[in-house]
Structure formats: C-alpha cells, structure tokens
Amino acid sequence: MSIIDTNLNFADDTKDYWNNFWENNNGYGSSNIDPDTNNKKLQKYHQILWSKQLPNGEYMDLQPSQDSYGTNILLWKDFVLSSDSLINGFRWPTMKSLIDELKVELPNYQQFQEEYIRKAYTIGGMIVFPRHRNSINQRRGCSPFIKDRVDLTIECIRLYYEGKENPLSYVLKSDEKFFNLFNDFKGYINYFYLQDIVSEDYKKVNIYIGSGNLKDSPLPQNTKEWFIWHDKTIDFLKKRNARIAQAMS
Numbered sequence: 010m011s012i013i014d015t016n017l018n019f020a021d022d023t024k025d026y027w028n029n030f031w032e033n034n035n036g037y038g039s040s041n042i043d044p045d046t047n048n049k050k051l052q053k054y055h056q057i058l059w060s061k062q063l064p065n066g067e068y069m070d071l072q073p074s075q076d077s078y079g080t081n082i083l084l085w086k087d088f089v090l091s092s093d094s095l096i097n098g099f100r101w102p103t104m105k106s107l108i109d110e111l112k113v114e115l116p117n118y119q120q121f122q123e124e125y126i127r128k129a130y131t132i133g134g135m136i137v138f139p140r141h142r143n144s145i146n147q148r149r150g151c152s153p154f155i156k157d158r159v160d161l162t163i164e165c166i167r168l169y170y171e172g173k174e175n176p177l178s179y180v181l182k183s184d185e186k187f188f189n190l191f192n193d194f195k196g197y198i199n200y201f202y203l204q205d206i207v208s209e210d211y212k213k214v215n216i217y218i219g220s221g222n223l224k225d226s227p228l229p230q231n232t233k234e235w236f237i238w239h240d241k242t243i244d245f246l247k248k249r250n251a252r253i254a255q256a257m258s
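Put into structure tokens, the structure is as follows:
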C-alpha cells in the first residue's frame with residue numbers, strides 16, 4: 010500500500026474545516042481553518058513527495074517545522090517552503106451575478122461546491138512554494154490577471170524560465186535560487202508532476218478558459234466558461250493524482 014493516499018482530502022481531514030463554512034465570506038463559503046498551515050498529514054505528504062533528487066543533482070531533504078505563528082513549514086538548507094493549494098474556487102462576493110446563475114443551474118450548488126473542494130484538497134491539488142512576505146502564494150491570489158488560477162500560475166513560471174516578463178516576475182525573480190534547483194521549466198514540471206497542464210514538448214501551458222495573455226480578466230465570464238474551467242480543473246486533479254500514485258507505488 011502506498012504511503013500517499015491520493016483519495017484523502019485534507020478538507021475533511023482538517024478538524025473543524027467545515028464549521029460555519031457557508032456562513033463565512035458573506036455566505037459564499039470559506040473555512041476558518043487552512044489545511045495548508047494546520048494539517049500535519051499534508052505537511053508529511055509534502056515532505057515525502059518532494060524529498061528527492063533535484064534536476065540540478067542535489068537531494069532536497071525536507072524537514073518539517075513550524076514558524077513563530079505555528080504555521081506548518083518545510084526546511085532544507087536556507088529554503089523555507091510551505092503548502093499552497095493550486096486550485097481556486099471563484100467563491101467571492103464580487104462573483105455574485107455568476108454565482109446566482111450557477112445556483113439556478115445547480116439546485117444542489119452547495120453540495121456541488123463541497124465535492125469540488127474535497128477533490129481540490131487531495132494531494133493532486135497541492136504544491137509547495139517558498140514562504141516569505143509577498144510570496145508566490147500571496148501574489149498569485151492578489152494579481153487581477155491570475156486570481157489563483159493554476160494554469161495562469163504555471164504560465165507565469167514558464168515565462169519566467171524563458172526570461173519574459175509576467176505578472177509574477179518580481180516574486181519569481183526573488184525566488185531565483187529556488188527555481189534554479191530545477192534547471193528549467195521542464196525540470197520544474199516533471200519534479201512536481203505537472204505534466205498534464207502543459208503540452209508534450211513543454212512549450213505551452215494548457216489554458217483552461219480565456220486568452221491566457223495575462224492581460225485580460227482571468228475570471229469566467231459566464232456559466233458556460235465556469236463549467237469548462239471546473240471540468241478541466243477536475244481532469245487535471247485526476248491525472249496529477251494518478252501520476253503521484255504511480256510515482257509512489
């Protein structure tokens with residue numbers, strides 16, 4: 010049996026995650042507990058998965074720790090890494106019009122979202138980034154051109170490796186030592202089992218909706234786009250979980 014259970018979801022596995030979930034965020038749903046910072050099993054999974062030989066020849070031997078706030082972190086050499094969910098939900102008050110339309114098409118909207126969250130919080134939806142002020146984790150969520158989308162985040166990383174400017178250029182350049190560990194974009198993608206979000210030649214990222222030019226709004230413009238984004242995200246999760254399971258078997 011694999012020591013990594015790709016069916017385990019860290020939402021249900023995190024104590025009190027669902028408490029008052031649909032009362033929070035003005036009724037749009039949010040947890041008071043973040044598995045990224047609080048779930049010890051998730052921290053252990055990251056330690057197991059990413060402690061291995063790097064493309065540059067070094068061996069990343071991650072050690073679990075906590076920062077002064079009690080947040081779960083992973084340490085290696087002078088790197089401080091922390092967990093981040095790659096998958097977003099678009100459950101924001103600013104998305105009210107679209108969410109209202111979704112509720113018409115999905116009478117079981119809350120149940121549908123809860124099942125999506127459970128899938129998003131499997132290990133296939135998780136990654137580690139360097140932890141510091143104005144980190145990738147923070148900036149990808151705040152950027153009006155990314156809004157936490159996994160495809161656009163990976164596109165920024167691709168452009169970084171090509172030496173091209175993008176909305177995350179500043180923070181990616183500040184983490185140059187981290188990204189140098191993987192030599193190039195292909196090395197980064199393979200290390201983190203992200204092959205299913207790029208083309209076979211690693212030259213393109215599979216953009217789920219919109220132009221992907223990192224200038225237009227990254228938000229789904231209607232329910233049709235939302236369902237396309239949802240289905241492609243779920244497909245990515247399934248495939249990445251399968252890759253992780255195979256690697257750990």
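10 is the number of the first residue of the sequence shown in the working numbering; add one for each residue after it. Heads up, the beta-carbon is just placed ideally off N, CA and C, and yes, glycines get one too.
Please say whether residue j and residue i have beta carbons closer to each other than 8 Å?
{"i": "L168", "j": "G221", "result": "no"}
{"i": "R100", "j": "Y37", "result": "yes"}
{"i": "I166", "j": "L181", "result": "yes"}
{"i": "D22", "j": "N48", "result": "yes"}
{"i": "F154", "j": "S91", "result": "no"}
{"i": "L71", "j": "W59", "result": "yes"}
{"i": "F187", "j": "F121", "result": "no"}
{"i": "Y211", "j": "I132", "result": "no"}
{"i": "S94", "j": "M135", "result": "yes"}
{"i": "R140", "j": "I82", "result": "yes"}
{"i": "N29", "j": "N41", "result": "yes"}
Applying the 10 Å Cβ sphere with the 16-neighbour rule, what's the burial state of residue i?
{"i": "T103", "result": "exposed"}
{"i": "S258", "result": "exposed"}
{"i": "A129", "result": "buried"}
{"i": "D225", "result": "exposed"}
{"i": "P44", "result": "buried"}
{"i": "N65", "result": "exposed"}
{"i": "P229", "result": "buried"}
{"i": "N117", "result": "exposed"}
{"i": "S106", "result": "exposed"}
{"i": "S11", "result": "exposed"}
{"i": "N146", "result": "buried"}
Ordered along the chain, which non-local residues of its own chain (more than five positions away) have a Cβ less than 7 Å from that of residue i?
{"i": "K241", "result": "Y217"}
{"i": "R158", "result": "N97, P227"}
{"i": "N35", "result": "P102"}
{"i": "W31", "result": "G38, Q119"}
{"i": "S178", "result": "Y169"}
{"i": "S144", "result": "F138, V180"}
{"i": "I243", "result": "K128"}
{"i": "L115", "result": "F121"}
For the alpha helix (DSSP H) holding residue i, just list the boundary residues, first then last.
{"i": "I126", "result": "118–129"}
{"i": "W59", "result": "49–59"}
{"i": "D160", "result": "159–170"}
{"i": "I145", "result": "145–151"}
{"i": "S183", "result": "178–183"}
{"i": "I108", "result": "105–114"}
Tell me which residues share the same chain as residue i and place their Cβ nearer than 6 Å to its Cβ, disregarding the 5 neighbours each side in the sequence.
{"i": "Y202", "result": "R249, R252, I253"}
{"i": "L63", "result": "M69, L190"}
{"i": "G150", "result": "D157"}
{"i": "Y200", "result": "F191"}
{"i": "S152", "result": "P176"}
{"i": "L246", "result": "K128, G133, G134"}
{"i": "A1", "result": "Look at the range of the chain in this structure, 10 to 258, and you will see that residue 1 is not part of it."}
Which residue marks the beginning of the beta strand (DSSP E) containing residue i, and which one marks its end?
{"i": "Q230", "result": "Counting along the chain, Q230 falls outside any beta strand (DSSP E), and DSSP gives it neither H nor E."}
{"i": "I216", "result": "From DSSP, I216 is part of no beta strand (DSSP E); its letter is neither H nor E."}
{"i": "F191", "result": "Element bounds for F191: n/a, residue is neither H nor E."}
{"i": "I82", "result": "81–85"}
{"i": "D93", "result": "88–94"}
{"i": "S74", "result": "72–75"}
{"i": "I136", "result": "135–139"}
Got a sec? Which residues, its chain only, sit under 8 Å from residue i by beta carbon, not counting five neighbours each side?
{"i": "E164", "result": "N175, V214, I216, G221, L223"}
{"i": "T15", "result": "T131, I132, G133, N250, A251, I253, A254"}
{"i": "I13", "result": "Y54, I57, L58, I132, I253, A254, M257"}
{"i": "K112", "result": "Y118"}
{"i": "E262", "result": "With the chain represented from 10 up to 258, any question about residue 262 goes unanswered, as that position is not in the structure."}
Can you confirm whether residue i, when its beta carbon is compared against all beta carbons of chain B, has any partner nearer than 8 Å?
{"i": "G196", "result": "Annotation note: the requested chain B is absent from the structure, which comprises a single protein chain."}
At a threshold of 7 Å, does residue i count as lining the ligand HEM (C-beta to nearest heavy atom)?
{"i": "D25", "result": "Of the ligands one can find in the structure shown there are none, so the ligand HEM has no counterpart to examine."}
> Any chance the stretch 204–217 sits against the stretch 65–78, with 3 or more Cβ pairs inside 8 Å?
Replying inline: no
>> Check whether the stretch 192–201 and the stretch 228–245 touch, using three or more Cβ-Cβ pairs below 8 Å as the test.
In response: no
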